[in-house]
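Participant: Protein chains in written order, with full-length UniProt numbering: chain A, 1 to 223; chain B, 1 to 223. My questions all concern the structure below.
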């Protein structure tokens, strides 16, 4: 079945990485894949647009099903391959409730990260304000403190001891932020989470190739 | 079990309404509930903060589980009460894939709606630009055209003939936009979707009380 799947992806993109982790977790190796370049604007190519009319990566096809939203792809794969590979939705209501709550809170985390990191990319020069930059940075700091508190209270993973769908979805964002200079000293629980999961086979096998050959960035150094 | 649930909510808030629809669909009437006023800033009250540290509505407790993210609450309820009330995750892979894809695309729709509608609320006066207002409006229009296209191709609901979790999650946003003046003439497929579902028992029973007594708004009249 994995031969019937195609993933067009970009290196280091958290949404792309989520699907790659998920495919490993569900033992669906051997899918068709193509690494595209954001810099060369290959995400706006006809090949991508044919699968994803928004012109974004990932573009993911599973049989005849188009699942470009990374959360959608991960939920679908978990549901279609329940008994294959690792089971990522726990049976225990406690773990399940926490898993769902965290995975959807992560939309706020992502949004605040994007607002803080891509301000110059998103806002035309004549509309930029230092006060907005400062506000976005403060909002991200407050959000990160919440997550630092969450991870201080759990064992290993976001919903307890077991790796769940919440980790497959959120680990790539956390890793991306450390790649962009997030401080391990100021966020020790986030750093512990990051280092404890980086050698998990599904994550190691899909580590963004460009991150191996380039040094980290410093956009989040002062957050 | 519904007696073990508490929902603090605000009238007309799509995230609150989602949980209310879901509780009806799963035959979980009789839960504890309290209607709070955004105008009076009751969502920042200690009662809310005790359940939802972000100071937002909904604040939802299901037994000991806190599920303030509306998507999280709906997923959890569907999973815990699979065989009670209506089954909202279809078995057919076709419908399931489409349901997941649409429900997560809706985050983009919500974001663009919020950017367009709450610009003055979110952006301090000295940072406002007419060019940004125009860009936000155009982005929402383009997004709505995508959804108009999606609904043109389906029978009744977002993932086909059956009402699914995608409808429970997305109907409140569409209804909110029509309440705010969205044009039925320019978006006939969205309007058809809206009117065909407004009398569904779960939706009718939870219709925002303030909408019954006040006339609609016109913030989206020109979109």
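C-beta atoms are modelled at their ideal positions from N, C-alpha and C, and glycine is treated no differently. Here the structure is a predicted model, which means the values were calculated and not measured.
#1: For the alpha helix (DSSP H) holding residue 16 (chain A), just list the boundary residues, first then last.
#2: Flag this pair as yes or no: are the beta carbons of residue 103 (chain B) and residue 169 (chain B) separated by less than 7 Å?
#3: Return the bridge partner residues of residue 6 (chain A) from the DSSP annotation.
#4: Since residue 79 (chain B) meets chain A, which of its residues come closer than 7 Å, beta carbon to beta carbon?
#5: By Cβ distance, which residues of its chain are closer than 8 Å to residue 217 (chain A), with the 5 residues on each side in sequence left out?
#6: Tell me, please, whether the CB atom of residue 39 (chain A) is closer than 7 Å to any CB atom in chain B?
#7: Identify the contact partners of residue 179 (chain B) in chain A, using a Cβ-Cβ distance below 8 Å as the criterion.
#8: Taking the alpha carbon of residue 156 (chain B) as the point to measure from, which residue in B:195, B:133, B:137 and B:146 has its own alpha carbon closest?
#9: For residue 141 (chain A), which residues of its own chain have a beta-carbon under 7 Å away from its beta-carbon, when the five flanking residues on both sides are left out?
#10: Can you tell which of A:10, A:151, A:73 and A:44 has its C-alpha closest to the C-alpha of residue 197 (chain A)?
#11: Could you tell me which chain B residues have their CB closer than 9 Å to the CB of residue 121 (chain A), listed as they occur along the chain?
#12: Please report whether the beta-carbon of residue 106 (chain B) lies at a distance below 7 Å from any beta-carbon of chain A.
#13: Within the chosen definition, does the segment 29 to 45 of chain B reach the segment 123 to 137 of chain B through at least 3 CB pairs nearer than 8 Å?
#14: Could you tell me whether the Cβ of residue 43 (chain B) comes closer than 7 Å to any Cβ of chain A?
#15: DSSP on residue 156 (chain A), reduced to helix/strand/coil?
#16: Are at least three pairs of beta-carbons, each pair with one atom in the segment 59 to 75 of chain B and one in the segment 115 to 125 of chain A, less than 8 Å apart?
#17: Output yes if chain B places a C-beta closer than 7 Å to the C-beta of residue 138 (chain A); else output no.
#18: Suppose the cutoff is 6 Å on Cβ atoms and the five residues either side in sequence are ignored; what does the same chain contact list for residue 202 (chain A) look like?
#19: Which two residues bound the contiguous alpha helix (DSSP H) that contains residue 102 (chain A)?
#20: Return the chain-ordered list of same chain residues with a C-beta closer than 8 Å to the C-beta of residue 99 (chain A), the five sequence neighbours on each side being excluded.
#21: With the cut-off set at 7 Å, would you say residue 69 (chain B) and residue 185 (chain A) are in Cβ contact?
#22: Nearest CA to the CA of residue 7 (chain A): which residue from A:13, A:35 and A:27?
#23: Kindly list, in the order they appear in chain B, the residues whose Cβ is closer than 9 Å to that of residue 101 (chain A).
#24: Short of 7 Å Cβ to Cβ, which residues in the segment 191 to 205 of chain B face chain A?
#25: Counting only Cβ pairs nearer than 9 Å, list the residues of chain A close to residue 131 (chain B).
#26: Between which residues of its own chain and residue 5 (chain A) is the CB-CB distance below 6 Å, once the five residues before and five after are set aside?
#27: For residue 59 (chain A) and residue 48 (chain A), I'd like the C-alpha separation in whole angstroms.
#28: Evaluate residue 206 (chain B) with the Cβ neighbour count: other Cβ atoms within 10 Å of its Cβ, from every protein chain shown; 16 or more gives buried, anything less gives exposed.
#29: In chain order, what residues of the same chain lie with their CB nearer than 6 Å to the CB of residue 172 (chain A), ignoring the 5 residues before and after it?
#30: Grouping DSSP H, G and I as helix and E and B as strand, with all else coil, what is residue 173 (chain A)?
#31: Return the first residue and the last residue of the alpha helix (DSSP H) that residue 50 (chain A) is part of.
#32: Can you give the beta carbon distance from residue 189 (chain A) to residue 148 (chain A), rounded, assuming they're within the 8 Å contact cut?
#33: Pick from B:57, B:83 and B:84: whose alpha carbon is nearest that of residue 71 (chain B)?
#34: Could you tell me which chain A residues have their CB closer than 9 Å to the CB of residue 208 (chain B), listed as they occur along the chain?
#35: What does a CB cutoff of less than 7 Å around residue 199 (chain B) pick up in its chain, not counting 5 residues either side in sequence?
Facilitator: This is what the structure gives:
#1: Here the question's residue 16 (chain A) lines up with position 16 in the first chain. For residue 16 (chain A), the enclosing alpha helix (DSSP H) has its first and last residue at 14 to 25.
#2: The sequence position of residue 103 (chain B) within the second chain is 103, counting from 1. The sequence position of residue 169 (chain B) within the second chain is 169, counting from 1. Pairing residue 103 (chain B) with residue 169 (chain B) gives a Cβ-Cβ distance under 7 Å.
#3: For the purposes of this step, residue 6 (chain A) is taken as residue 6 along the first chain, with counting starting at 1. DSSP lists A:32 and A:61 as partners of residue 6 (chain A).
#4: For the purposes of this step, residue 79 (chain B) is identified with residue 79 of the second chain, where counting begins at 1. Result: 96.
#5: Working through the first chain from its first residue, we reach residue 217 (chain A) at position 217. If we look at residue 217 (chain A) and ignore the five residues flanking it on each side, its Cβ neighbours are 179, 180 and 181.
#6: The count along the first chain starts at 1 and reaches residue 39 (chain A) at position 39. Cβ-Cβ to chain B under 7 Å: no for residue 39 (chain A).
#7: Against the second chain, residue 179 (chain B) aligns to sequence position 179. Result: empty, since nearest Cβ-Cβ is about 24 Å, beyond 8 Å.
#8: Locating residue 156 (chain B) in the second chain gives position 156, where the first residue counts as 1. Residue B:195 is the option with its Cα nearest to residue 156 (chain B).
#9: Here the question's residue 141 (chain A) lines up with position 141 in the first chain. Taking C-beta separations shorter than 7 Å and ignoring five residues to either side along the sequence, the partners of residue 141 (chain A) in its chain run 223, following chain order.
#10: Start at 1 with the first residue of the first chain, and residue 197 (chain A) comes out as number 197. Of A:10, A:151, A:73 and A:44, the residue nearest in Cα terms is A:151.
#11: The count along the first chain starts at 1 and reaches residue 121 (chain A) at position 121. By Cβ distance, chain B contributes nothing, its closest Cβ being about 14 Å from residue 121 (chain A), past 9 Å.
#12: Taking the first residue of the second chain as position 1, residue 106 (chain B) is located at position 106. Taking Cβ atoms only, chain A never reaches closer than 7 Å to residue 106 (chain B), which makes this a no.
#13: The segment 29 to 45 of chain B, when compared against the segment 123 to 137 of chain B, does not touch it at the 8 Å Cβ threshold.
#14: Stepping through the second chain from its first residue, residue 43 (chain B) is reached at position 43. Contact of residue 43 (chain B) with chain A is not assigned, every C-beta pair being separated by 7 Å or more.
#15: The count along the first chain starts at 1 and reaches residue 156 (chain A) at position 156. It is coil, neither helix nor strand.
#16: Counting Cβ pairs under 8 Å, fewer than three are found: no touch.
#17: Working through the first chain from its first residue, we reach residue 138 (chain A) at position 138. No, because no Cβ of chain B sits closer than 7 Å to the Cβ of residue 138 (chain A).
#18: For this step, residue 202 (chain A) is matched to residue 202 along the first chain. For residue 202 (chain A), the CB contacts under 6 Å within the same chain, skipping 5 residues up- and downstream, are 21, 24 and 25 in chain order.
#19: For the purposes of this step, residue 102 (chain A) is taken as residue 102 along the first chain, with counting starting at 1. Unbroken alpha helix (DSSP H) run through residue 102 (chain A): 93 to 117.
#20: Taking the first chain and counting its residues from 1, the one referred to as residue 99 (chain A) is at position 99. Within the same chain, residue 99 (chain A) has close Cβ partners 89, 90, 158, 159, 164, 165 and 166.
#21: Here the question's residue 69 (chain B) lines up with position 69 in the second chain. Here the question's residue 185 (chain A) lines up with position 185 in the first chain. Going by beta carbons, residue 69 (chain B) and residue 185 (chain A) fall outside the 7 Å limit.
#22: For the purposes of this step, residue 7 (chain A) is taken as the residue at position 7 of the first chain. Here the closest residue by C-alpha is A:35.
#23: Your numbering for residue 101 (chain A) matches position 101 in the first chain. For a Cβ distance threshold of 9 Å, residue set 65, 66, 67, 68, 69, 72, 73 and 76 of chain B lies close to residue 101 (chain A), ordered along the chain.
#24: When C-beta distances to chain A are compared with 7 Å, every residue of the segment 191 to 205 of chain B stays at or above that value.
#25: Numbered from its first residue, the second chain carries residue 131 (chain B) at position 131. Within chain A, the residues placing a beta-carbon under 9 Å from that of residue 131 (chain B) are 124, 126 and 127, ordered along the chain.
#26: What you label residue 5 (chain A) is simply residue 5 of the first chain in a count that begins at 1. The residues 31 and 62, in chain order, have a CB closer than 6 Å to that of residue 5 (chain A) in the same chain once the five nearest residues on each side in sequence are set aside.
#27: Sequence index remark: in the first chain, residue 59 (chain A) carries index 59 (1-based). Sequence index remark: in the first chain, residue 48 (chain A) carries index 48 (1-based). C-alpha separation (whole angstroms): 6 Å.
#28: Counting from one through the second chain, the residue named residue 206 (chain B) turns up at place 206. When all chains shown are included, residue 206 (chain B) counts as buried.
#29: Position 172 of the first chain, counting from 1, holds the residue named residue 172 (chain A). Result list for residue 172 (chain A): 14, 17 and 18, in chain order.
#30: Numbered from 1 along the first chain, position 173 holds the residue referred to as residue 173 (chain A). Helix at residue 173 (chain A).
#31: To locate residue 50 (chain A), count along the first chain from 1; it is residue 50. 46 to 51 is the span of the alpha helix (DSSP H), which, as asked, contains residue 50 (chain A).
#32: Here residue 189 (chain A) refers to the residue found at position 189 when the first chain is read from its first residue. Here residue 148 (chain A) refers to the residue found at position 148 when the first chain is read from its first residue. Indeed, because the Cβ distance is near 5 Å, the residues count as touching under 8 Å.
#33: Here residue 71 (chain B) corresponds to residue number 71 of the second chain, with the count starting at 1. For the options B:57, B:83 and B:84, the alpha carbon positioned closest to that of residue 71 (chain B) is the one of B:57.
#34: If you number the second chain from 1, residue 208 (chain B) lands on position 208. Result: empty, since nearest Cβ-Cβ is about 22 Å, beyond 9 Å.
#35: Within the second chain, residue 199 (chain B) is the residue found at index 199, counting from 1. Nothing meets the Cβ criterion.
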